[in-house]
Amino acid sequence: MSRSREILSYLGLFLALALGLPLVGGLLGAGVFLVVGWALETGYTAGERAWSGFRHLGFLTLIWALGIGVVACVRRAYRKHHPRETPAREGAPSRG
834 MSRSREILSY LGLFLALALG LPLVGGLLGA GVFLVVGWAL ETGYTAGERA
884 WSGFRHLGFL TLIWALGIGV VACVRRAYRK HHPRETPARE GAPSRG
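Under the numbering used here, residues 834 to 929 are what the sequence shown spells out, in order.
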């Protein structure tokens, strides 16, 4: 694989995680806020509860998604360049 294609692959992985995780988190937050708001009878409309849940959990997952994206790219690069090496924990029994 050429160097530019490899970089685009890592960029694609990072963007997929950095944009996909907050979207999923926002949708999950909207659903949770709808159900909890309905159960607790908060007095807000369904749209207000859904928007609030989307914003709150979407933002929270955005914070984590950027770091997860960087770690996923580093792991992929490490495994590509060191295919036979697997980092072993100290003190862990070997499986070989």
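For each residue, glycine too, the CB sits at the ideal point set by N, CA and C. Keep in mind that this is a model prediction, so the values were computed, not measured.
Can you name the start and end residues of the alpha helix (DSSP H) that Thr878 belongs to?
Counting from one through the sequence shown, the residue named residue 878 turns up at place 45. Where Thr878 is concerned, there is no enclosing alpha helix (DSSP H), given that its DSSP letter is neither H nor E.
Three or more C-beta pairs under 8 Å: does that hold for the segment 903-914 against the segment 837-855?
As far as the Cβ criterion goes, the segment 903-914 touches the segment 837-855, which means the pair count is three or higher.
For Phe866 and Val904, I'd like the C-alpha separation in whole angstroms.
Position 33 of the sequence shown holds residue 866. Position 71 of the sequence shown holds residue 904. One C-alpha to the other measures close to 30 Å.
Please report the residue range of the alpha helix (DSSP H) in which Leu837 lies.
Start at 1 with the first residue of the sequence shown, and residue 837 comes out as number 4. The sequence given here has Ser at residue 837, not Leu. From DSSP, the alpha helix (DSSP H) with Ser837 extends over 836-873.
Measure the alpha-carbon distance for Ala879 versus Glu839 and round it to whole angstroms.
Start at 1 with the first residue of the sequence shown, and residue 879 comes out as number 46. Start at 1 with the first residue of the sequence shown, and residue 839 comes out as number 6. In a straight line, the C-alpha of Ala879 is about 45 Å away from that of Glu839.
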